[in-house]
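S.K.:
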Amino acid sequence: MAELSSGLRTSHIGRGVAPILGFATLTAALDVYGGNKLQVISPETMAAISFSLAAVFFLGLEITRRGAAATFRPMRTHSYDVTAINVTTAVTWLSMLYSLKYLEPAVVSIVVVALGPVLTLLMGPLLRRGSSVIGAEIGVSLGISAVLGVLVWGSFTGRSGVGDVGTGQAALGMLFALLCGVGSTANIIYMKRLSETGHSPQAVLAIRFFLMIAISWVMTALSDNPELGAGFVPGLIVAVIGVGLPIYVLQIGIRHTEPITTSLLLSLSPLITFLLQFLDGRLRPSALTLTGIFAIVVLVGAGTLARSRYDARTSPPEEEKPLPTAPEPEPEPAQSETSPAQSKEELS
1 MAELSSGLRT
11 SHIGRGVAPI
21 LGFATLTAAL
31 DVYGGNKLQV
41 ISPETMAAIS
51 FSLAAVFFLG
61 LEITRRGAAA
71 TFRPMRTHSY
81 DVTAINVTTA
91 VTWLSMLYSL
101 KYLEPAVVSI
111 VVVALGPVLT
121 LLMGPLLRRG
131 SSVIGAEIGV
141 SLGISAVLGV
151 LVWGSFTGRS
161 GVGDVGTGQA
171 ALGMLFALLC
181 GVGSTANIIY
191 MKRLSETGHS
201 PQAVLAIRFF
211 LMIAISWVMT
221 ALSDNPELGA
231 GFVPGLIVAV
241 IGVGLPIYVL
251 QIGIRHTEPI
261 TTSLLLSLSP
271 LITFLLQFLD
281 GRLRPSALTL
291 TGIFAIVVLV
301 GAGTLARSRY
311 DARTSPPEEE
321 KPLPTAPEPE
331 PEPAQSETSP
341 AQSKEELS
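Numbering follows full-length UniProt numbering, with no gaps: position 35 of the sequence shown is 35.
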């Protein structure tokens, strides 16, 4: 039974890890594709089109499935969390799109995901009571922060995949990447909070993009050259590989993992981004970026393994159910020690 309990816990972890790794892969594809297209299309136009299409799909699907009243009910019953997830979604995605305009996609990915474990340690107890952090995860987070510092230095000194972009653009890109990291961490925590109140991934996706859509369309309207026609197809692709599908699988993964575990697993995204970005001809290989990525992969592996072992030690064992057994035979009625014939002989 101990082996069965261990297998059940491993299966539970697997249900969370697989979707999160899927999210990391899709995010890497978005970083490379978006970084290329954002050289000719404004970030606000890309955001307005992609998030509007994603919202129409998920909102329409949820209204059809559950009705309008049930779809919008979380905005009344959990107004704080819904507002927070709208704000953090807008901060995360707008800042990410602007950072991709100035920095190497792998560096943006590293900055965003490397901040996640560190900020989760700081913000988790404040935003979500009962979240657990172990010593190994603290050590991993500090190690990731050190790697992040080296890569920030590399971006300012022209050692990243985009070469020398100038101090001003590097600083601006790094500022947006840092904002994205903060927003992403808070976003994960609020998604976890809504998940713990019983809201499905589809239900959350239907109501989390309203603020993002409003801000991006206002910015697009104020833009000198919105390029809506040129941005429609890229926006549609981003809506699929960058918004709808990855956020859906991330929400599934978050239901089965702690926020700190989610943040650590997402730190694998830069490695995938680094490999995919060679499809973009404007980028060149960077030894510094690759070294930083491998360091993060090792740290992430150590942190995830430590969490898995900790969960295995602390999770309550499954209650053992007794196997069904055949009913015991009813006892035969007791017989007297002497037979009736013997009794008759004794009487005579």
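Every residue gets a Cβ at the ideal spot worked out from N, C-alpha and C, and that includes glycine. The structure presented is a predicted model; accordingly, all values stated were derived computationally and were not measured.
1. Alpha carbon to alpha carbon, how far is T89 from L275? Give it in angstroms, no decimals.
2. Please determine if the region 136 to 154 and the region 208 to 227 are in contact, where contact requires at least 3 C-beta pairs separated by less than 8 Å.
3. Just confirm the distance between the C-beta atoms of L266 and V113, as a whole number of angstroms; I'd bet it's less than 8 Å.
4. With a threshold of 16 other CB atoms inside 10 Å of the CB of G154, please say whether the residue is buried or exposed.
5. From T157 to L151, what distance separates their C-alpha atoms?
6. Decide if residue 360 is buried, meaning its Cβ has at least 16 other Cβ atoms within 10 Å, or exposed.
7. In angstroms with no decimal places, state the Cα-to-Cα distance between I215 and V238.
8. Apart from the five residues on each side of it in sequence, which residues of its chain come closer than 6 Å, Cβ to Cβ, to S50?
9. Can the beta-carbon of A295 be found less than 8 Å from the beta-carbon of V111?
10. According to DSSP, is T261 helix, strand or coil?
11. Mind checking whether E62 and A170 have CB atoms under 8 Å apart?
12. Taking Cβ to Cβ, would you say T92 is nearer than 8 Å to G34?
13. Should R307 and E44 be called a contact, given that it needs their Cβ atoms to be closer than 8 Å?
14. Quick test of your reading: T304 and T261, contact by CB under 8 Å. State the CB separation rounded to the nearest angstrom.
15. Just the C-alpha distance for Q39 and A312, rounded to the nearest angstrom, thanks.
16. Give the DSSP-derived three-state secondary structure of D224 in the structure shown.
17. Looking at the unbroken alpha helix (DSSP H) that takes in F57, where does it start and where does it end?
18. Using the rule of at least 16 other Cβ atoms within 10 Å of the residue's Cβ for burial, across every protein chain shown, is T77 buried or exposed?
M.R.: So, to answer that:
1. 27 Å
2. Contact between the region 136 to 154 and the region 208 to 227 is absent, because fewer than three Cβ pairs lie under 8 Å.
3. 5 Å
4. buried
5. 10 Å
6. Because the chain here runs from 1 to 348, residue 360 falls outside it and cannot be looked at.
7. 18 Å
8. Hits under 6 Å: G235, V238, A239 and V243.
9. no
10. helix
11. no
12. no
13. no
14. In this structure, T304 and T261 form a Cβ contact; the two beta carbons are roughly 7 Å apart against a cut-off of 8 Å.
15. Taking the straight line from one Cα to the other gives about 47 Å.
16. Note: D224 maps to coil in three-state DSSP.
17. Unbroken alpha helix (DSSP H) run through F57: P43 to R66.
18. With fewer than 16 Cβ atoms within 10 Å of its Cβ, T77 is classed as exposed.
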